[in-house]
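In UniProt numbering, the protein residues as written are 1 to 362. Each residue gets a CB set at the ideal place from its N, CA and C atoms; glycine is no exception. Note that this is a predicted model, so its numbers are computed, not measured.
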């Protein structure tokens with residue numbers, strides 16, 4: 001038992017492996033949102049809709065795991081985390097608000113009098129731009145999971161999340177629905193709510209996993225020797241499910257059942273990963289979080305280059321340009337943030353929590 005406790009203590013103080021994986025995950029999110037770079041349809045599907053879709057569930061599990069850890073130090077930690085998240089969310093929502101309204105004008109025919117309604121729906125549900133849905137979904141998932149664990153425990157929580165995830169997955173497996181009543185009901189839902197990719201149907205189960213992995217970390221650490229094998233097995237199942245989805249495409253491909261065990265095992269394995277490099281991993285975390293927030297701006301800029309210069313009319317070149325510009329803009333924000341007050345630009349609480357951050361908040 002002393003060996004397990006020592007391992008848990010090491011996980012608290014050294015998460016370089018997670019930092020590196022989250023940085024790669026931020027790049028995968030950029031790749032997912034960029035134009036198609038692989039021409040073979042099946043390989044394109046496996047890259048974008050299997051590999052790249054690992055990133056968001058991993059972020060949900062990671063964020064909730066470390067927030068749960070912070071709650072061990074302070075009962076008000078979740079409240080402060082959510083307050084910080086709201087400030088960050090409102091800031092970036094304001095940044096993307098003009099682009100979001102232009103997108104609405106191009107894709108929907110609504111009068112100006114409905115813009116306030118669209119704004120409220122965006123802030124509470126979809127985000128003012130497509131990538132920002134993650135933040136309200138995460139906040140809802142954390143609040144709901146925290147409340148239900150406190151009231152009922154993990155068994156009712158996981159039972160509920162499985163049912164909710166099943167309903168959400170109907171968008172992925174829409175092509176396999178043969179029950180006309182179920183299909184009609186789901187169509188009516190989609191006509192109103194557009195997507196099932198939200199905090200209730202999608203984020204909640206991964207947030208619950210993150211909380212569970214922290215609360216039962218000592219017992220889970222005892223299975224460390226199996227992490228590698230479980231990762232390979234769950235990865236194989238994930239690829240197989242990806243091929244099943246490819247064979248009969250649904251409305252969207254956000255939900256895959258094998259993402260649940262795979263990302264849970266992947267996160268557990270990443271906790272044991274030690275990267276022995278003399279590198280500033282806090283700087284890597286900063287880069288990754290700003291990649292997430294600024295990359296849609298860089299994608300739009302790269303797209304404008306395509307329209308201006310035929311030289312850039314290559315999807316791989318567009319991706320490279322987007323990655324370079326995203327990196328440079330993130331570097332600029334980090335440089336500016338060092339010269340401005342802490343509360344304006346430091347978004348550390350959004351995508352990464354570590355022990356030093358907990359101590360700062362005390």
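Does the separation of the CB atoms of residue i and residue j fall below 8 Å?
i           : j           : result
residue 266 : residue 58  : yes
residue 250 : residue 175 : yes
residue 137 : residue 198 : yes
residue 46  : residue 146 : no
residue 291 : residue 335 : no
residue 202 : residue 272 : no
residue 206 : residue 104 : no
residue 259 : residue 294 : no
residue 89  : residue 135 : yes
residue 139 : residue 82  : yes
For residue i and residue j, what's the separation of their Cα atoms in angstroms?
i           : j           : result
residue 181 : residue 156 : 28 Å
residue 142 : residue 171 : 24 Å
residue 268 : residue 64  : 13 Å
residue 196 : residue 30  : 22 Å
residue 264 : residue 245 : 21 Å
residue 49  : residue 124 : 26 Å
residue 283 : residue 208 : 29 Å
residue 285 : residue 332 : 15 Å
residue 108 : residue 37  : 28 Å
residue 85  : residue 193 : 24 Å
residue 324 : residue 300 : 14 Å
residue 178 : residue 184 : 11 Å
Please report the residue range of the alpha helix (DSSP H) in which residue i lies.
i           : result
residue 241 : 227 to 247
residue 192 : 180 to 193
residue 335 : 315 to 337
residue 378 : Look at the range of the chain in this structure, 1 to 362, and you will see that residue 378 is not part of it.
residue 413 : No answer is possible for residue 413: the residues shown for the chain start at 1 and end at 362.
residue 252 : Premise fails: residue 252 is in no alpha helix (DSSP H) and is neither H nor E.
residue 218 : 217 to 221
residue 32  : 16 to 33
residue 44  : 41 to 46
Once the 5 residues before and after residue i are set aside, which same chain residues still bring their CB inside 6 Å of it?
i           : result
residue 68  : 211 and 214
residue 275 : 16, 17 and 20
residue 351 : Here the model assigns residue 351 a pLDDT of 45, short of 50, so the residue's position is not dependable, and the following value carries that caveat. So the list reads 289, once near-sequence residues are dropped.
residue 241 : 256 and 258
residue 25  : 55 and 58
residue 247 : none
What does a CB cutoff of less than 8 Å around residue i pick up in its chain, not counting 5 residues either side in sequence?
i           : result
residue 262 : 54, 231, 234, 235, 237 and 238
residue 296 : 33, 96, 99, 129, 130 and 131
residue 162 : 205
residue 110 : 104 and 118
Let me make sure I understand the geometry here. Which of the options has the alpha-carbon closest to that of residue i?
i           : options               : result
residue 200 : 165, 226 and 171      : 165
residue 17  : 316, 260 and 279      : 279
residue 243 : 39, 44 and 154        : 44
residue 72  : 229, 252, 217 and 298 : 217
residue 252 : 187, 221, 173 and 281 : 173
residue 127 : 94, 114, 321 and 144  : 94
Going along the chain, which residues of its own chain have a beta-carbon closer than 7 Å to the beta-carbon of residue i, five neighbours each way excluded?
i           : result
residue 149 : 157 and 211
residue 51  : 28
residue 315 : 35, 36 and 37
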